DNA sequence: GGTTACCTTTGGATCGTTCCAATTACCCAG
DNA sequence: CTGGGTAATTGGAACGATCCAAAGGTAACC
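Residue numbers (the numbering used here), protein chains in the order written: chain A, 32 to 379; chain B, 32 to 379.
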């Protein structure tokens, strides 16, 4: 039935038109399912399309129509399960809407972020979903993406402020509330000396979580010692290495609220190495509820953020923005939920 | 310094040309760093490019040049850490080569695979990296991607055979040897009744791993009972649910070689639910060495496949194919390495 | 002065689609 | 037979870049 030639030029509208004696314009109308074309003609053209193995050239169409059928997705690190789930959600929802995902990843470096955005923007995506790298600035991002491509910021704020003509939407997690819930939970379990572990203050999400922690501590009338704030890179290895800092000076904490799950899992490793048994001698909480959180030893008390749903939501936001370019920019705060597991043991 | 207008049309070569009194062709030469243009002219043009905030339209250029600057990546499930790492590796290497990644994901459904490939191919990628869904057929895939776009198959074979004019490269893991090593390891630890757990025989990688297991068992002169082959979907929940099948009839196994880590982690859950303690009462091995394997309880003995490196390798393969479209198609078998952890306990 | 050579620059066609105004064909009422 | 209406089709100009052959300018040489 099908008979694409194994070798040769790509088939275009002209080939089809010539092949069944109609004009290019008519074939184009058939492709787009226009009601204008005669039923018989349509059938003839469709047969010819099949016969020659025609493949639609969306790039050419997008050029002419000044539209786009792709959305760029820029995340910090795809291998981080939180972002992997997020990306899966984005791609799912975009695919359903007939869009294709252009992928980019920054590795938390603003330099790479600039390079990646610069490269992606040249492909003319209809919009960008960006989870900014730590320390990323509004001005520089705006300069490379320009003002013609809408942006949805996910997970973090940019540094500096945006000109008001840039209608950038935001999708943020309820970081402050989440960290407050975790801290209150540890306090309820009897802990008084609680640290905040991991992340960098360069990142807005980290500042917010820290603020939630501070809020809960203050409300409970608990003092916070400076050495209970340990900053780390966002990998397990780095976090494990930094664990000792909690115990070096002053009174050691009995529990820690961690910036996220990856860092919490790293802290667990670091504790084991010191002979401290997490979930028994030391309580801790994470943030994100990645898949590993439910199978680690001990299983990790954390805040569920349902990243796949967030991905879908980010996709919805950018698609809505494409439909209404001039609408007021909005900020959506997604709720988070405390999932209590073994790691947040009562004070022994 | 910069002064992009907040609103208005996109800037094109014509705007730049008009803005500094040269022709469109000259501006194009400047953009591509041609040595033909006079130094002074180049400076003037570059200044104007900056002043107007010009963004290169790669789609238009690709149309004219009949080239492509993107590669499509189709994986089974992005949220699976094995594929997430793989995708990260692909994107990294493609980015370095100036290519952009078009993402697609099939969820192990051949129907979705067809849809995703159909949508991606319309965007004219220079090549496709495809990890086929279970049961995916060479004929159907070929029919939708056509013969003009090179393909690198990763991880699995397609069903049926390809016409020889389709130069499709393959990047496979040494599945058979890996499963053999795992089985031999369990045998060396004293186990005699060993099952092969998880996956479907629709997938070539699963058949290969099973073959490696059979080979090791036969070489050791051990019998295999039919109920020791349990097929499952590739999720933890499904695997946990299927665990009982190992114990329902005949003599129960004392160990299992699992299709992959996800399934092995699921089996662990299922065992716990039956009151069997994996790594103590029952030995098991995985395949892939995903991040969770080193933090689960017990930690998982598995085969390391370094998926990020495989991703880079797949990217190299497709880029090499773009450079030499007519070269002989090849199959690369990537080595795997046994990582012994707690789950493969000796027979007690 | 005329010829050649070299260095820059350029107009116009082109890639594969869509848009638009115009055309053709046909039928029916007046 | 004319005029008007509907239905279907079409040629040619876009979209924003690149390619190519040709042209303009300058300098050197005979």
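For each residue, glycine too, the CB sits at the ideal point set by N, CA and C. Note that the structure is a prediction, hence the values are computed from the model and not measured.
- Measuring CA to CA, which of B:102, B:56, B:241, B:44 is closest to residue 135 (chain B)? Closest by alpha carbon: B:102.
- Query: Going along chain B, which residues have a C-beta under 7 Å from residue 86 (chain A)?
  - Reply: Listed along chain B, the residues sitting closer than 7 Å to residue 86 (chain A) by beta-carbon distance are 152, 153, 177.
- Query: At what residues does the alpha helix (DSSP H) containing residue 147 (chain A) begin and finish?
  - Reply: Start and end: 141 to 152.
- Is any beta-carbon of chain B found at less than 8 Å from that of residue 131 (chain A)? Closer than 8 Å to some Cβ of chain B, the Cβ of residue 131 (chain A) qualifies, so yes.
- Message: Taking 8 Å as the threshold (beta carbon to beta carbon), is residue 295 (chain A) in contact with chain B?
- Response: For residue 295 (chain A), the closest Cβ of chain B is not nearer than 8 Å.
- Query: Who does residue 158 (chain A) pair with in a DSSP beta bridge?
  - Reply: The partner list for residue 158 (chain A) (beta bridge, DSSP) reads A:102.
- Where the alpha helix (DSSP H) through residue 217 (chain B) begins and ends: That run of the alpha helix (DSSP H) goes 206 to 219.
- Would you mind telling me which residues of chain A sit closer than 9 Å to residue 327 (chain B), beta carbon to beta carbon, in chain order? The contacting residues are 323, 326, 327, 328.
- Where does residue 226 (chain B) fall in DSSP's three states? Strand, per DSSP.
- Message: By the 8 Å beta-carbon criterion, what residues does the region 114 to 129 of chain A contribute toward chain B?
- Response: Result list: 115, 116, 118, 119, 122, 123, 126, 129.
- Can you tell me which of the three DSSP states residue 124 (chain A) falls into? Note: residue 124 (chain A) maps to helix in three-state DSSP.
- With 8 Å set as the bound, which would you pick, yes or no: does the beta-carbon of residue 208 (chain A) sit closer than that to a beta-carbon of chain B? Contact of residue 208 (chain A) with chain B is not assigned, every C-beta pair being separated by 8 Å or more.
- Message: If you reduce the DSSP assignment to three classes, tell me which class residue 51 (chain A) lands in.
- Response: Helix.
- Query: Does the separation of the CB atoms of residue 122 (chain B) and residue 137 (chain B) fall below 8 Å?
  - Reply: Contact flag unset, no.
- Query: Does the beta carbon of residue 134 (chain B) come closer than 8 Å to any beta carbon on chain A?
  - Reply: Yes, residue 134 (chain B) lies at the interface with chain A (some Cβ there is under 8 Å from its Cβ).
- Message: Under 8 Å, Cβ to Cβ, is there at least one residue of chain B near residue 35 (chain A)?
- Response: Note that residue 35 (chain A) scores 44 on pLDDT, short of 50, meaning its location in the model is unreliable and no value can be drawn from it.
- Would you kindly work out how many angstroms separate the C-alpha atoms of residue 325 (chain B) and residue 240 (chain B), rounded to a whole number? Rounded to the nearest whole angstrom, the CA to CA distance from residue 325 (chain B) to residue 240 (chain B) is 22 Å.
- Task: Going by CA-CA distance only, name the one from A:282, A:277, A:291 that's closest to residue 302 (chain A).
- Result: Selection A:282, A:277, A:291 evaluated against residue 302 (chain A) yields A:277 as nearest (Cα-Cα).
- Between residue 367 (chain A) and residue 242 (chain A), what straight-line distance do the alpha-carbon atoms span, to the nearest angstrom? Straight-line Cα distance between these residues: approximately 16 Å.
- Query: What three-state label does DSSP hand residue 36 (chain B) in the structure shown?
  - Reply: With a pLDDT of 46 at residue 36 (chain B), under the threshold of 50, the predicted position of this residue should be treated as unreliable, though the coordinate-derived value follows. The answer is coil: DSSP assigns residue 36 (chain B) none of H, G, I, E or B.
- Going straight from the alpha carbon of residue 40 (chain B) to that of residue 95 (chain A), what length do you get? Rounded to the nearest angstrom, the two C-alpha atoms are 14 Å apart.
- Task: Measure the beta-carbon distance from residue 270 (chain B) to residue 315 (chain B) and round it to whole angstroms, keeping in mind my assumption that it falls under 8 Å.
- Result: Actually they do not touch by this definition, with Cβ atoms about 11 Å apart.
- Should residue 331 (chain B) go down as buried or exposed, given a rule of 16 or more other Cβ atoms within 10 Å for buried? So residue 331 (chain B) ends up on the buried side.
- Task: Along the alpha helix (DSSP H) that carries residue 349 (chain A), what are the first and last residues, could you check?
- Result: Element bounds for residue 349 (chain A): 338 to 354.
- Would you say residue 148 (chain A) and residue 169 (chain A) are within 8 Å of each other, going by their C-beta atoms? In this structure, residue 148 (chain A) sits away from residue 169 (chain A), with a CB-CB distance that is not shorter than 8 Å.
- Item | Near-chain B residues of the region 368 to 379 of chain A - C-beta to any C-beta below 9 Å | Those residues of the region 368 to 379 of chain A that come within reach of chain B (Cβ to Cβ, closer than 9 Å) do not exist; the list is empty.
- Report yes or no: is there a C-beta of chain B within less than 8 Å of the C-beta of residue 89 (chain A)? Chain B contact via Cβ: present.
- Expressed to the nearest angstrom, what Euclidean distance is found between the alpha-carbon atoms of residue 340 (chain A) and residue 117 (chain A)? Answer to the nearest angstrom: the Cα atoms are 7 Å apart.
- CB contact flag (residue 312 (chain B), residue 333 (chain B), <8 Å): No, the pair does not count as a contact, with Cβ atoms beyond the cut-off.
- Message: Given a cut-off of 8 Å on the beta-carbon distance, is the pair residue 119 (chain B) and residue 254 (chain A) in contact?
- Response: Taking 8 Å as the Cβ cut-off, residue 119 (chain B) and residue 254 (chain A) do not qualify as a contacting pair.
- Quick one: which unbroken beta strand (DSSP E) runs of 3-plus residues sit fully inside the region 253 to 324 of chain B? Chain order, please. Runs of the beta strand (DSSP E) spanning 3 or more residues and lying entirely within the region 253 to 324 of chain B occur at 286 to 289, 314 to 316, in chain order.
- Message: Taking the beta carbon of residue 338 (chain B) as the centre, do at least 16 other beta carbons fall within 10 Å, making it buried, or is it exposed?
- Response: With 16 or more neighbouring CB atoms inside 10 Å of its own CB, residue 338 (chain B) falls in the buried class.
- Taking 7 Å as the line, does the beta carbon of residue 329 (chain B) fall inside it for any heavy atom of the ligand SAM? Although the ligand SAM was asked about, the structure shown includes no ligands whatsoever.
- Item | Per-residue burial, residue 290 (chain B) [other beta carbons within 10 Å of its own, 16 or more giving buried] | The residue in question, residue 290 (chain B), is buried, as its Cβ has 16 or more Cβ neighbours within 10 Å.
- Message: I'd like to confirm the pairing. Which residues does DSSP put opposite residue 171 (chain A) in its beta bridges?
- Response: DSSP output for residue 171 (chain A) lists no bridge partner at all.
- Message: Between residue 105 (chain A) and chain B, is any beta-carbon pair separated by less than 8 Å?
- Response: Taking Cβ atoms only, chain B never reaches closer than 8 Å to residue 105 (chain A), which makes this a no.
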